[in-house]
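Throughout the sequence shown, residue numbering follows my numbering, covering 10 to 165 in sequence.
Even for Gly, the Cβ is constructed at its ideal location relative to N, Cα and C.
Let me begin by presenting the structure, written as structure tokens, before commenting on it.
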Amino acid sequence: MRRNILVYPDPFLARKAAPVTAVDDRVRTLIRDMFETMYAAEGVGLAAPQVGVGKRVIVVDVTPVDETIAPMALVNPEIVDRKGSVLGEEGCLSVPGVQGEVPRAETVVVRGLDEQGNPVHLQAEGILSRALQHEIDHLDGVLFIDRIPSAAATAK
Ligand SMILES: [Zn+2]
């Protein structure tokens, strides 16, 4: 089921999301809905708070940019290491019509759980690294426009 995407400045987007205590069918339904919603909106990532759910769940599918990277869902994702710094253009389904150059770590190591509740530990670079940092920011109520001077964000 497609869900409604909240749009800035909806105050819910600024709230910190709560950890998932059990990866159950309810969480898996949320993940399925998030993928469906993201694909319908032609995004490459989506975080649960963007569909009004205050849980630490993200989905990422960067295959439009790099088809070698499989789509993934992460529950309670956490950045445990970051290296380097790189600027890159970002947009967000919750901030339609705006793009901006955002500084991010070049590579990140992320830990979390998959949709079965199994531990995941991955190192990411390039578009996947950027997407993961963007989506994990959403779980802390941070939008990409919070990370750039407002003058640098331009309407498409
Ligand atoms: Zn976003």
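As DSSP reads the structure, L55 sits in a beta bridge with V68. Judged by DSSP in its simplified three-state form, G61 adopts coil rather than helix or strand. Its Cα nearest to that of G121, the residue V32 stands out among V32, E99 and E98.
Between Q142 and A114, the beta carbon gap of about 7 Å places them in contact (Cβ cut-off 8 Å). Looking at the DSSP output, M43 bridges to nothing. The beta carbon of I40 lies closer than 7 Å to those of V66, V68, A82 and E124 in the same chain, with the five residues before and after it left out.
Not one heavy atom of ligand 1 falls within 8 Å of the beta-carbon of G61.
In its chain, beyond the 5 residues on either side, V89, D90 and Q132 have a beta carbon closer than 6 Å to the beta carbon of V118. Distance from the C-beta of S103 to the nearest heavy atom of ligand 1 is below 8 Å. Secondary structure note for G97: its beta strand (DSSP E) is the uninterrupted segment V95 to E99. Note on geometry: alpha-carbon atoms of P112 and V95 lie some 6 Å from one another.
Looking only at A56, V29, D34 and R37, the smallest Cα-Cα distance to N13 is reached by A56. Check the Cα spacing between C101 and each of K64, V60, K25 and D42: the tightest is with V60. With respect to N85, V151 sits apart: the two C-beta atoms are not nearer than 9 Å. Exclusion of the five residues before and after G126 leaves A31, V32 and V84 as the residues of its chain whose Cβ lies within less than 8 Å of its Cβ. For I157, the closest alpha carbon among the candidates L148, E99 and P128 is that of E99.
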